[in-house]
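K.L.:
In full-length UniProt numbering, the protein residues as written are 1 to 173.
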């Protein structure tokens with residue numbers, strides 16, 4: 001079962017090489033609508049701590065990675081985990097991040113998340129971090145759902161697919 005939630009560029013065929021799949025994800029990360037705040041239906045706020053800064057008062061890239069993780073995981077905990085069998089869980093399989101500009105102390109970061117596509121056993125998400133209304137970083141990721149008993153990928157399932165459909169990127173932006 002493959003449900004297309006939002007697809008700005010053609011996805012590579014399943015038989016395509018890993019390099020082609022990586023290139024498709026990289027192209028998605030530079031999609032113009034990802035820098036528009038109105039594109040994202042799910043939001044999570046973050047705070048900047050003094051410990052998050054480098055000597056130049058910029059937020060370090062590792063903190064930005066953690067913010068993307070917080071945004072993804074918050075959506076998964078709120079929407080997906082309640083629908084899974086006890087013991088089943090999501091695993092991050094890949095992530096691509098593009099940093100657009102530096103983030104300084106006293107900014108107000110918010111993480112927007114949208115579902116890009118749902119596959120049989122995985123979901124692709126796109127995200128943007130916005131500070132004071134401006135997009136400062138974008139990310140794409142693939143999350144695989146895992147059966148807790150076997151440790152193997154499990155199907156997304158109709159209930160999860162239906163619930164995640166509400167979090168597709170807004171086409172009108």
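Quick reminder that beta carbons are idealized off the backbone N, C-alpha and C, glycines included.
If you're wondering where the values come from, they're calculated on a predicted model, not measured in any experiment.
Which whole runs of the alpha helix (DSSP H) in the region 118-153 are 4 residues long or more, in chain order?
P.N.:
none
K.L.:
Which complete beta strand (DSSP E) runs does the region 29-84 hold, if anything under 3 residues is left out?
P.N.:
42-45
K.L.:
Among 101, 149, 146, 122, whose alpha-carbon lies nearest the alpha-carbon of residue 164?
P.N.:
Here residue 164 refers to the residue found at position 164 when the chain shown is read from its first residue. Nearest option by C-alpha distance: 122.
K.L.:
If distances are taken between C-alpha atoms only, which option among 116, 46, 56, 137 comes closest to residue 176?
P.N.:
This structure leaves residue 176 out entirely; the chain is present only between 1 and 173.
K.L.:
DSSP on residue 110, reduced to helix/strand/coil?
P.N.:
Reading the chain shown from its first residue, position 110 is the one you call residue 110. Strand, per DSSP.
K.L.:
From residue 119 to residue 44, what distance separates their C-alpha atoms?
P.N.:
Counted from its first residue, the chain shown places residue 119 at position 119. Counted from its first residue, the chain shown places residue 44 at position 44. About 25 angstroms.
K.L.:
For residue 78, count neighbouring Cβ atoms within 10 angstroms of its own Cβ and tell me buried if that reaches 16, exposed if not.
P.N.:
Reading the chain shown from its first residue, position 78 is the one you call residue 78. Exposed is the call here.
K.L.:
Rank 107, 59, 112, 46 by C-alpha distance to the C-alpha of residue 128 and give the top, closest one.
P.N.:
Residue 128 sits at position 128 when you count from the first residue of the chain shown. Cα-wise, what sits closest to residue 128 is 112.
K.L.:
Could you tell me the boundaries of the alpha helix (DSSP H) in which residue 93 lies?
P.N.:
Looking up residue 93 in the chain shown gives position 93. That residue, residue 93, is in no alpha helix (DSSP H); its beta strand (DSSP E) goes 89-99.
K.L.:
So, for residue 108: in the same chain, excluding its five sequence neighbours on each side, which residues have a beta-carbon less than 7 angstroms away from its beta-carbon?
P.N.:
Taking the first residue of the chain shown as position 1, residue 108 is located at position 108. Contacts found: 131, 132.
K.L.:
Let me check understanding here. Comparing Cα to Cα, which of 100, 151, 115, 87 lies closest to residue 135?
P.N.:
Counting from one through the chain shown, the residue named residue 135 turns up at place 135. When only C-alpha atoms are compared, the closest one is 100.
K.L.:
Below 8 angstroms CB to CB, which residues in the same chain sit around residue 72 once its five sequence neighbours on both sides are set aside?
P.N.:
Stepping through the chain shown from its first residue, residue 72 is reached at position 72. Counting only Cβ-Cβ distances below 8 angstroms, and skipping sequence neighbours, we find 92, 113, 125, 127, 141, 143.
K.L.:
Comparing alpha-carbon positions, which option in 67, 42, 87 lies nearest residue 48?
P.N.:
To locate residue 48, count along the chain shown from 1; it is residue 48. Cα-wise, what sits closest to residue 48 is 67.
K.L.:
Which same chain residues, not among the five before or five after residue 75, have their C-beta less than 7 angstroms away from its C-beta?
P.N.:
Taking the first residue of the chain shown as position 1, residue 75 is located at position 75. Contacts found: 42, 113, 167.
K.L.:
Around the C-beta of residue 52, are 16 or more other C-beta atoms found within 10 angstroms, so that it is buried, or is it exposed?
P.N.:
Within the chain shown, numbered from 1, the residue matching residue 52 stands at position 52. Counting Cβ neighbours within 10 Å, residue 52 comes out buried, since at least 16 surround it.
K.L.:
Measuring straight from C-alpha to C-alpha, what distance separates residue 146 and residue 61?
P.N.:
Taking the first residue of the chain shown as 1, we reach residue 146 at position 146. Taking the first residue of the chain shown as 1, we reach residue 61 at position 61. For residue 146 and residue 61, the distance between alpha carbons rounds to 28 angstroms.
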